[in-house]
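*Asks:*
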Amino acid sequence: EALLIALDRKGICVSTGSACSAGAAGASHVLLALGMDMMTAQSSLRFSFGRFNVPEDVDTVLNVLPGIVERQRQTAAPGLRAQLQ
76 EALLIALDRK GICVSTGSAC SAGAAGASHV LLALGMDMMT AQSSLRFSFG
126 RFNVPEDVDT VLNVLPGIVE RQRQTAAPGL RAQLQ
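Take the position in the sequence shown, starting the count at 1, then add 75; the result is the number in this note's numbering.
(1) If we count the other Cβ atoms within 10 Å of its Cβ and call it buried at 16 or more, is A116 buried or exposed?
(2) Quick test of your reading: T91 and S119, contact by CB under 8 Å. State the CB separation rounded to the nearest angstrom.
(3) Using 10 angstroms around the beta-carbon of L106, count the other beta-carbons present and answer buried if the total reaches 16, otherwise exposed.
(4) Which residue from E145, R148, G142, T135 puts its Cα closest to that of G86?
(5) Quick check on the DSSP output: the alpha helix (DSSP H) that includes D83 runs from which residue to which?
(6) Quick one: residues in its chain with C-beta nearer than 8 Å to the C-beta of I143, no 5 flanking neighbours on either side, listed in chain order?
(7) Please report the straight-line C-alpha distance between G101 and C88, rounded to a whole angstrom.
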């Protein structure tokens, strides 16, 4: 959820889980059926693109996302930090 908020602050809209489970609580049954473990399924993000997106939107995500992920890793609790590597 922290990653979702950090991306939102940069103007990048994402959702958690799959589109099939939008609005549902818990892990996406679709992601679990694909073989993801519960923790991974619950911590996944969905990037959706539509006809009004332009290539620069993808470039923005690719430029911003690594820095946000690195900051999240640095500020995570030590036990969680090991899982994020």
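Yeah, the Cβ is synthetic: ideal placement off N, Cα and C, and Gly gets one too. None of the values given here were measured: they were computed from a predicted structure.
*Replies:* The relevant details are as follows:
(1) buried
(2) 7 Å
(3) buried
(4) T135
(5) 77–84
(6) L78, A81, L82, K85
(7) 20 Å
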